[in-house]
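Under our numbering, the first residue of the sequence shown is numbered 129, with each subsequent residue one higher. We put the CB at the ideal spot given by N, CA and C, even for glycine. All remarks here apply to the structure that follows.
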Amino acid sequence: MKVLAFGASKNVGYYASTAMLKSGHTVIFQLRNPSAFDQDEELKPVWAEATADNIPVDVILFAVGGTPKFTLSKAFIIDPPNICFSALLNVLSVIPRSSPQPRLIALTSNGVTSDTHNKNPLAIRASYALIQGPHADKLGMERLVQWSAGWLETSLGGKEGWLQSAVVVGPAVFTDGPEKGVYKVGEDVSGLLPVSLRDVAHFIVNDLVKNWENWQGKRLAIGY
């Protein structure tokens with residue numbers, strides 16, 4: 129399996145990508161400065177290089193995220209404020225519209241929509257008031273997947289899309305704890321507690337990718 133990983137220099141993207149490498153898969157890392165996502169012209173050479181061997185990309189792992197900085201006026205912000213949305217928009221612009229298309233795994237955060245927000249424990253919902261800016265960016269990213277894939281049945285709206293196969297994964301608050309291999313995951317899961325970065329990666333590598341037909345077309349929440 130060939131994987132093209134964006135934002136995989138740390139956190140979930142890093143742990144998932146290195147685990148796939150250890151399993152014998154080919155992983156191509158796009159690790160340039162976030163400004164590389166500003167224009168789709170910058171990404172065309174990346175796609176060309178990834179497919180230069182005439183072997184199609186099977187999976188795109190999109191784990192781009194900004195590093196929040198605290199400000200007195202707006203709590204935690206990221207710079208640029210729309211890094212996830214803009215990066216994914218330009219990544220999608222270079223995906224071929226014809227088959228075979230890669231499967232897309234897009235990492236977001238649990239609680240960025242009103243529906244998923246209300247399913248979190250009270251303490252976690254209160255803490256999310258400090259990261260409204262980063263969550264707005266993640267919400268925009270989710271809506272982009274929604275529109276591109278044409279997920280009409282979801283609450284986000286949208287219309288018939290061109291993206292053939294995608295899954296959005298929304299982890300609860302992250303911890304840097306050890307991998308347990310035990311967690312809760314699903315479309316309608318309430319009360320999720322903070323989850324290890326390593327366990328989110330474990331789900332992606334050992335369940336999501338291997339059992340794609342069970343998860344395809346879903347927006348998943350994961351936590352303890």
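Please list, in chain order, all residues of the same chain as residue i whose beta carbon is under 8 Å from its beta carbon, the five residues on each side excluded.
{"i": "residue 149", "result": "155"}
{"i": "residue 253", "result": "239, 245, 246"}
{"i": "residue 153", "result": "129, 130, 131"}
Since residue i sits in a beta bridge, which residues does DSSP pair it with?
{"i": "residue 302", "result": "323"}
{"i": "residue 348", "result": "297"}
{"i": "residue 205", "result": "197"}
{"i": "residue 312", "result": "351"}
{"i": "residue 158", "result": "134"}
{"i": "residue 189", "result": "133, 233"}
Taking a contact to mean a Cβ-Cβ separation below 9 Å, would you say residue i touches residue j in this structure?
{"i": "residue 297", "j": "residue 236", "result": "yes"}
{"i": "residue 240", "j": "residue 267", "result": "yes"}
{"i": "residue 291", "j": "residue 276", "result": "yes"}
{"i": "residue 119", "j": "residue 279", "result": "Nothing can be reported for residue 119, as the shown portion of the chain is limited to 129 through 352."}
{"i": "residue 299", "j": "residue 204", "result": "no"}
{"i": "residue 174", "j": "residue 216", "result": "no"}
{"i": "residue 223", "j": "residue 189", "result": "no"}
{"i": "residue 208", "j": "residue 201", "result": "no"}
{"i": "residue 178", "j": "residue 332", "result": "no"}
{"i": "residue 311", "j": "residue 352", "result": "yes"}
{"i": "residue 176", "j": "residue 140", "result": "no"}
{"i": "residue 265", "j": "residue 210", "result": "yes"}
{"i": "residue 158", "j": "residue 231", "result": "no"}
In chain order, what residues of the same chain lie with their CB nearer than 6 Å to the CB of residue i, ignoring the 5 residues before and after it?
{"i": "residue 184", "result": "228"}
{"i": "residue 303", "result": "322, 324"}
{"i": "residue 305", "result": "324"}
Quick test of your reading: residue i and residue j, contact by CB under 8 Å. State the CB separation rounded to the nearest angstrom.
{"i": "residue 294", "j": "residue 328", "result": "Rounded, the Cβ-Cβ distance is 17 Å, inconsistent with contact."}
{"i": "residue 337", "j": "residue 187", "result": "6 Å"}
Using C-beta distances below 7 Å, list every residue in its chain close to residue i, excluding the 5 sequence neighbours before and after it, in chain order.
{"i": "residue 163", "result": "With a pLDDT of 48 at residue 163, under the threshold of 50, the modelled position of this residue cannot be trusted; read the value that follows with caution. Taken in chain order, the list of residues that qualify is empty."}
{"i": "residue 330", "result": "307, 309"}
{"i": "residue 193", "result": "135, 212"}
{"i": "residue 289", "result": "275, 276, 277, 278"}
{"i": "residue 315", "result": "346, 347, 348"}
{"i": "residue 269", "result": "212, 213, 216, 234, 236"}
{"i": "residue 147", "result": "329, 333"}
Under 8 Å, with one C-beta from each stretch per pair, do the stretch 305-321 and the stretch 246-253 reach the 3-pair mark? yes
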